[in-house]
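> I'd like to ask some things about the structure below.
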Amino acid sequence: MKYLHLIWAALFRRKARTILTLVSIIAAFLLFGMLDAVRTSFNQAGQSANGAQRLQTGSKLSFIQTLPQSLEAQIAQVPGVKMVTYANWFGGAYQDPHNQVFSFAVEPNYIDLYPEIEVSPAERKAFDDTRTGVLVGEKLAQRFNWKVGDKIPLQSTIFPNREGSKNWTFDIVGIMHSKDKKAGGFYDQLLLLHWKYFDETTPFNRGTVGWYVTRVTDVNQADRVAKAIDAISANSDHETRTQTEQAATANWMKQLADIGLIVGSIMGAVFFTLLLLSGNTMMQAVRERTSELAVLKTIGFSNHSVLAMVLAESVLLLLLGGCIGLGLATLIIPTISAGSGGMLNLGAVSGSSWLLGIVLMVLIGLLVGALPALRAMHLNIVDALAGR
Amino acid sequence: MSLLTNFLLLLLVVAVMVIWVMLPWYGVVALAVLFAGWMMFTRRGQQAASVAGVGISTLGQRIGSSAVIVIGIAGVVGVLVALLAMGEGYAETLRKTGSDDTAIVMRGSSAAEVMSVLDHDSVTLIPQAPGIFRDAKGQPIASPELVVAANLPLKGGSADDEGSVQLRGVSEQAWAVRPNVKIVEGRNFQPGMRELVVGKGAAKEFAGLEPGHTIHLGNQQWTVVGVFSSGDAMDSEVWGDANVVADTYRRGSSRASVTVRLTDPKAYDAFKAELDGNPQLKVDVDTTLDYFSKQSEGMTKVIRIVGITVGLIMAIGAMFGALNTMFAAVAARAREIATLRAIGFRGVPVVVAVMLETMLLALIGGLLGGLLAWLIFNGYSASTLAAGTVGKLSFELRVSPTLLWTGLKWALAIGFIGGLFPAVRAARLPVTTALREL
Numbered sequence: 001m002k003y004l005h006l007i008w009a010a011l012f013r014r015k016a017r018t019i020l021t022l023v024s025i026i027a028a029f030l031l032f033g034m035l036d037a038v039r040t041s042f043n044q045a046g047q048s049a050n051g052a053q054r055l056q057t058g059s060k061l062s063f064i065q066t067l068p069q070s071l072e073a074q075i076a077q078v079p080g081v082k083m084v085t086y087a088n089w090f091g092g093a094y095q096d097p098h099n100q101v102f103s104f105a106v107e108p109n110y111i112d113l114y115p116e117i118e119v120s121p122a123e124r125k126a127f128d129d130t131r132t133g134v135l136v137g138e139k140l141a142q143r144f145n146w147k148v149g150d151k152i153p154l155q156s157t158i159f160p161n162r163e164g165s166k167n168w169t170f171d172i173v174g175i176m177h178s179k180d181k182k183a184g185g186f187y188d189q190l191l192l193l194h195w196k197y198f199d200e201t202t203p204f205n206r207g208t209v210g211w212y213v214t215r216v217t218d219v220n221q222a223d224r225v226a227k228a229i230d231a232i233s234a235n236s237d238h239e240t241r242t243q244t245e246q247a248a249t250a251n252w253m254k255q256l257a258d259i260g261l262i263v264g265s266i267m268g269a270v271f272f273t274l275l276l277l278s279g280n281t282m283m284q285a286v287r288e289r290t291s292e293l294a295v296l297k298t299i300g301f302s303n304h305s306v307l308a309m310v311l312a313e314s315v316l317l318l319l320l321g322g323c324i325g326l327g328l329a330t331l332i333i334p335t336i337s338a339g340s341g342g343m344l345n346l347g348a349v350s351g352s353s354w355l356l357g358i359v360l361m362v363l364i365g366l367l368v369g370a371l372p373a374l375r376a377m378h379l380n381i382v383d384a385l386a387g388r
Numbered sequence: 001m002s003l004l005t006n007f008l009l010l011l012l013v014v015a016v017m018v019i020w021v022m023l024p025w026y027g028v029v030a031l032a033v034l035f036a037g038w039m040m041f042t043r044r045g046q047q048a049a050s051v052a053g054v055g056i057s058t059l060g061q062r063i064g065s066s067a068v069i070v071i072g073i074a075g076v077v078g079v080l081v082a083l084l085a086m087g088e089g090y091a092e093t094l095r096k097t098g099s100d101d102t103a104i105v106m107r108g109s110s111a112a113e114v115m116s117v118l119d120h121d122s123v124t125l126i127p128q129a130p131g132i133f134r135d136a137k138g139q140p141i142a143s144p145e146l147v148v149a150a151n152l153p154l155k156g157g158s159a160d161d162e163g164s165v166q167l168r169g170v171s172e173q174a175w176a177v178r179p180n181v182k183i184v185e186g187r188n189f190q191p192g193m194r195e196l197v198v199g200k201g202a203a204k205e206f207a208g209l210e211p212g213h214t215i216h217l218g219n220q221q222w223t224v225v226g227v228f229s230s231g232d233a234m235d236s237e238v239w240g241d242a243n244v245v246a247d248t249y250r251r252g253s254s255r256a257s258v259t260v261r262l263t264d265p266k267a268y269d270a271f272k273a274e275l276d277g278n279p280q281l282k283v284d285v286d287t288t289l290d291y292f293s294k295q296s297e298g299m300t301k302v303i304r305i306v307g308i309t310v311g312l313i314m315a316i317g318a319m320f321g322a323l324n325t326m327f328a329a330v331a332a333r334a335r336e337i338a339t340l341r342a343i344g345f346r347g348v349p350v351v352v353a354v355m356l357e358t359m360l361l362a363l364i365g366g367l368l369g370g371l372l373a374w375l376i377f378n379g380y381s382a383s384t385l386a387a388g389t390v391g392k393l394s395f396e397l398r399v400s401p402t403l404l405w406t407g408l409k410w411a412l413a414i415g416f417i418g419g420l421f422p423a424v425r426a427a428r429l430p431v432t433t434a435l436r437e438l
């Protein structure tokens, strides 16, 4: 530690070069921070403690197939089930069919199963009392500039109403806030309407349900409960498939893209380039300082401390650039999420990303410094001072 | 003074980049010819060529630091081209699925086939519209189809690991509407039987989709009897007899869409006008080309934005790497350059020589990156849940010449900026100071 200022001075001996290298390292770790945020948000979707307690039951045939509403009473009787609710995909779109809105037609107790959604008691009551009422997520309301009390037209891309028109009208009675700002992106985008109103208005639904959501009393019993729920309709014409919310979401994400592979290969290319680039800088730095290093050795620095000092210098370079880069990523990501109008929801740079990043910085620093450091260690004082 | 020149330099860089982005390939060729002419036929140009020759001939001695530029830029171009190839392959697969002489009819304001429901009356009414091509027997070529999703186990996953595949219930006419779809293995399904033919892409993604195997759809057993190939998005689907599929999914006699073959692309307007004007029908008509291109829009845009963002950040990194190397190279040759200037060489040849050297390295890097991307990723198959379908869509990455050209342009742009500042510095170094150094 006492040599820190010596290492620091060596690092900034040539300011221009060090700064240019730093910018490259910053760029690499900025990219790392952003891509890792994407990867984590993919991996962590649905991985909350609340998600583990919820089971999703859909048709075994496919996710677009509906189930009879009578199943609710049967599921509620399965031991270990605390609460059950159901929902339908509404397929809403605002103004343009391509402006899709996540909209579910739900039973009023739907919100009770999602403690991570916050709705004020007054607005909750208003929702229960208003047949055409809808609750909208905070970000969704921002996106379309909606306020409580607005009457909004919504097209359904799937269901016409009784007059055969796709245009439905709803009253906004409340705003949903998600408790956990970091993980709650999805609920902020959601629109909930009454299943009852939906079912009575469209001639196409006829009392069917898209999927059931069950909350179990004990997480450890989730598998047993899931099997018991599926057993109810085994061999009927509406067999079900029940999964924990975690498993279901992970399955969707996996089908969407193999994010791990994409992120991994990009980062591989980036770090390989970085290795070469900062390696070159360190080589130059040590070559230039040959005589200085010889002087250090002459006045009594051991071979190993010279080795350690060069290594420390390259690790410091990487740590400096890397931390600035990751810091930048931390600052930029919320702006991107906000700027994309809710289309992209990236989690902040997490603790584990920072940890992984710092491990990478140290590792790359050591790798990069290895060759120049060995060279410095094996330096022959006489030859070096003579400039041979 | 120095601040002003730096500012002007920055403006120049921005201007050059803007022009560069918009320059078509023949513009670049013209520029290169012009430049070569200048080098060959003017005094300054000849001077520049000889100075550049000296720099380039010593590249071998600086192989380590030159490699930084080459590999740095190769990395940028490789990643950029690979990501853009993903978007290109995806869009291409969907675009190929449609054509302008077939039209698709769905219930009004349905965003995708799977969301649409046409009742039996509409399905019988639509083929009577004018403009539809008729076969030898005088039958209109119109294919009413049902589109649903099926959960099937994914290949290489555990038994519980299920994915979604788009299942299309079709009749004989489906093959007439899409002549590019051919059975490549096994046979076609028999009407009325629980038999399936599977697309080549679907067979790759899901377990058990080989001819002769039985699979479960819900609690029913279906037999896979053949594999078909179409070279487009249909490859990711599974087809069965429409009536049997409707039965399994309790859809009665309704269908999702009707796809028709038009007599020629010009017949589309009359066909659409007729259906729009019919009060018994509430349908949307689109050419399949429009329909499928629209489906790919959102995803392609996202992939493009991601690709360019990642490319830009990497480019910044590579650019500073190049700056670093070239500043070092210029510093190492400060005396040579000063000597040249002392014996009467002007600034321009020196600037051009350094730039030329950097851009040459950048060009090599760009070619290398493009080549790597092409070798590794051209034809690489990927899959995603596509917008507008309810199944995994498999597609192949496509490294097209246009993309390679884009990559090269990026490489040269990075080389330009990475070389400009060191070059200007070399030319502006006071001769006396440089000669006295060391």
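Going line by line, the protein sequences match chains A and B. Here the first sequence stands for residues 1 to 388, where the numbers follow the UniProt record's numbering. Here the second sequence stands for residues 1 to 438, where the numbers follow the UniProt record's numbering. Here a beta-carbon is modelled for each residue, glycine too, at the ideal position from N, C-alpha and C.
In angstroms, rounded to a whole number, what distance separates the CA positions of Ile358 of chain A and Leu316 of chain A?
The straight-line gap from Cα to Cα measures roughly 11 Å.
> Identify the residues that DSSP records as bridge partners of Trp374 of chain B: which are they?
BP columns for Trp374 of chain B are empty, so no partner.
> Three-state secondary structure (DSSP) at Lys155 of chain B?
It is coil, neither helix nor strand.
> Would Leu262 of chain B pass as a contact of Ala129 of chain B if the rule is Cβ separation under 7 Å?
No, the Cβ-Cβ distance between Leu262 of chain B and Ala129 of chain B is not below 7 Å.
> Tell me the DSSP bridge mates of Ser62 of chain A?
Per DSSP, none; premise fails for Ser62 of chain A.
> In angstroms, rounded to a whole number, what distance separates the CA positions of Leu435 of chain B and Ile337 of chain B?
Leu435 of chain B and Ile337 of chain B: Cα-Cα distance of roughly 9 Å.
> In terms of residue numbering, what span does the beta strand (DSSP E) encompassing Asn167 of chain A cover?
Residues Asn167 to Ser178.
> Measuring CB to CB, does Gly89 of chain B end up less than 7 Å from Lys392 of chain B?
Contact: no.
> When the Cα atoms are used, what is the spatial distance from Thr330 of chain A to Ala247 of chain A?
Distance between the alpha carbons of Thr330 of chain A and Ala247 of chain A: 29 Å.
> Is the region 190 to 198 of chain B touching the region 218 to 231 of chain B, taking contact as three or more C-beta pairs under 8 Å?
Segments in contact, yes.
> Please report the distance separating the alpha-carbon of Gln255 of chain A from that of Ser383 of chain B.
Cα-Cα distance, rounded: 8 Å.
> Which bits of chain B does Val270 of chain A rub up against, with CB to CB less than 8 Å?
Per Cβ cutoff of 8 Å: Gly75, Val79, Met314 and Gly317.
> Checking contacts by CB at 7 Å: is Met115 of chain B closer than that to chain A?
Interface residue, yes.
> What is the DSSP secondary structure of Asp235 of chain B, counted as helix, strand or coil?
Correct three-state label for Asp235 of chain B: helix.
> Which residues in chain A have a C-beta closer than 7 Å to the C-beta of Gly418 of chain B? List them in chain order.
The contacting residues do not exist; Gly418 of chain B stays about 10 Å from chain A at best.
> Closest Cβ-Cβ distance between Ala373 of chain A and chain B: below 7 Å?
No, because no Cβ of chain B sits closer than 7 Å to the Cβ of Ala373 of chain A.
> If we cut at 7 Å on Cβ distances, does Ser353 of chain A have a partner in chain B?
Taking Cβ atoms only, chain B never reaches closer than 7 Å to Ser353 of chain A, which makes this a no.
> Report the residues of the region 18 to 31 of chain A with a CB closer than 7 Å to any CB of chain B, ordered along the chain.
Of all residues in the region 18 to 31 of chain A, Leu20, Thr21, Val23, Ser24, Ala27, Ala28, Leu30 and Leu31 have a Cβ within less than 7 Å of some Cβ in chain B.
> May I have the straight-line CA-CA distance separating Lys301 of chain B from Leu84 of chain B, to the nearest angstrom?
About 10 Å.
> Have a look at Phe127 of chain A and Ile117 of chain A and give me their C-alpha separation to the nearest angstrom.
In a straight line, the C-alpha of Phe127 of chain A is about 14 Å away from that of Ile117 of chain A.
> Would a C-beta distance cut-off of 7 Å place Pro422 of chain B and Met326 of chain B closer than the cut-off?
Cβ distance < 7 Å, so Pro422 of chain B and Met326 of chain B count as in contact.
> Under 9 Å Cβ-Cβ, which residues of chain A neighbour Ala111 of chain B?
Chain A residues near Ala111 of chain B: Gly91, Ala93, Pro97, His98, Gln100, Thr157 and Ile158.
> Can you tell me whether Gln243 of chain A is buried or exposed? The criterion is at least 16 other CB atoms within 10 Å of its CB, across all chains shown.
Its Cβ being crowded by 16 or more others within 10 Å, Gln243 of chain A is buried.
> Do the CB positions of Thr202 of chain A and Phe159 of chain A come within less than 7 Å of each other?
Taking 7 Å as the Cβ cut-off, Thr202 of chain A and Phe159 of chain A qualify as a contacting pair.
> For Ile126 of chain B, name the three-state secondary structure that DSSP assigns.
Of the three classes helix, strand and coil, the one that applies to Ile126 of chain B here is helix, per DSSP.
> For Leu385 of chain B, return the contacting residues in chain A, with the cut-off set at a CB-CB distance below 8 Å.
Trp252, Gln255 and Leu256, listed in chain order.
> Counting Cβ pairs, one atom from each stretch, are 3 or more of them under 8 Å apart for the region 97 to 116 of chain B and the region 243 to 259 of chain B?
Yes, the region 97 to 116 of chain B touches the region 243 to 259 of chain B.
> So which residues on chain B does Gln284 of chain A lean against when the C-beta distance must stay under 7 Å?
Per Cβ cutoff of 7 Å: Ala328.
> Let me confirm a value: Arg178 of chain B is counted as buried when at least 16 other C-beta atoms fall within 10 Å, else exposed. Which label applies?
With 16 or more other Cβ atoms within 10 Å, it is buried.
> Is there a Cβ from chain A that is less than 7 Å from the Cβ of Leu118 of chain B?
Not one chain A Cβ lies under 7 Å of Leu118 of chain B.
> Which residues of chain A have a Cβ atom closer than 8 Å to the Cβ of Ile63 of chain B, listed in chain order?
The contacting residues do not exist; Ile63 of chain B stays about 11 Å from chain A at best.
> Do the region 205 to 217 of chain A and the region 66 to 75 of chain A meet, that is, are 3 or more Cβ pairs less than 8 Å apart?
As far as the Cβ criterion goes, the region 205 to 217 of chain A touches the region 66 to 75 of chain A, which means the pair count is three or higher.
> Using a Cβ cut-off of 8 Å, which residues of the region 248 to 275 of chain B contact any Cβ in chain A, in chain order?
Hits within the stretch, in order: Thr248, Tyr249 and Arg250.
> Assuming Gly231 of chain B and Lys96 of chain B are in contact, meaning their beta carbons sit under 8 Å apart, how far apart are those beta carbons, in whole angstroms?
Confirmed, about 7 Å.
> Would a check of beta-carbon distances place Lys301 of chain B closer than 7 Å to chain A?
So no, Lys301 of chain B is outside the interface.
> Residues of the region 215 to 228 of chain B with a CB closer than 8 Å to any CB of chain A: list them in chain order, please.
Going along the region 215 to 228 of chain B in chain order, one finds Leu217, Gly218 and Asn219 with a Cβ nearer than 8 Å to chain A.
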